[in-house]
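Per this note's numbering, the sequence shown starts with residue 40, numbered consecutively.
Here is the structure we will look at.
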Amino acid sequence: MRRSSRMKVFVDANLLIYLNVPMPEEQARLVESFWGDLLREYDLFTNLLVLEEVVYVSRRKYGVQREETLEFIDRAILPHVELLPMGAELYPLFKL
Numbered sequence: 040m041r042r043s044s045r046m047k048v049f050v051d052a053n054l055l056i057y058l059n060v061p062m063p064e065e066q067a068r069l070v071e072s073f074w075g076d077l078l079r080e081y082d083l084f085t086n087l088l089v090l091e092e093v094v095y096v097s098r099r100k101y102g103v104q105r106e107e108t109l110e111f112i113d114r115a116i117l118p119h120v121e122l123l124p125m126g127a128e129l130y131p132l133f134k135l
């Protein structure tokens with residue numbers, strides 16, 4: 040697990056979907072620039088539910104094949120974003 044004094048940011052599905060799907064060049068540049076800023080300045084986290092949503096929405100709404108999205112996640116997300124564990128044991132943390 041990473042230890043850092045940098046601010047921690049939870050990455051939600053919306054950003055990852057925009058990184059994964061085709062879009063006009065100018066919009067793609069903005070999204071990729073924002074992603075680059077996040078990678079440089081913050082410790083990034085996400086969870087399996089977010090990744091599942093990326094796969095589902097990319098396929099259903101944008102027609103991106105499941106295999107393409109999984110390759111995108113393996114190549115562009117998991118090397119840079121810590122995957123948080125999920126389970127019932129984490130529920131008490133919601134009360135903090």
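No residue lacks a Cβ here, since even glycine has one placed at the ideal position from N, Cα and C.
Given the structure is predicted, the values throughout are model-derived calculations rather than measurements.
Item: Note down, in chain order, each residue of its chain lying with its Cβ closer than 7 Å to the Cβ of Glu91, except the 5 sequence neighbours on either side.; Value: none
Item: Is the beta carbon of Val120 closer than 9 Å to that of Leu88?; Value: no
Item: Run through DSSP, which three-state label would Val96 get?; Value: helix
Item: From which residue to which residue does the beta strand (DSSP E) around Leu78 run?; Value: Careful: Leu78 lies outside any beta strand (DSSP E), inside the alpha helix (DSSP H) at Glu64 to Glu80.
Item: Buried or exposed: Leu123, going by 16 or more other Cβ atoms within 10 Å of its Cβ?; Value: exposed
Item: Is Phe73 close to chain C, meaning its C-beta is less than 9 Å from at least one C-beta of that chain?; Value: Within the model displayed, chain C is absent; a lone protein chain is all it includes.
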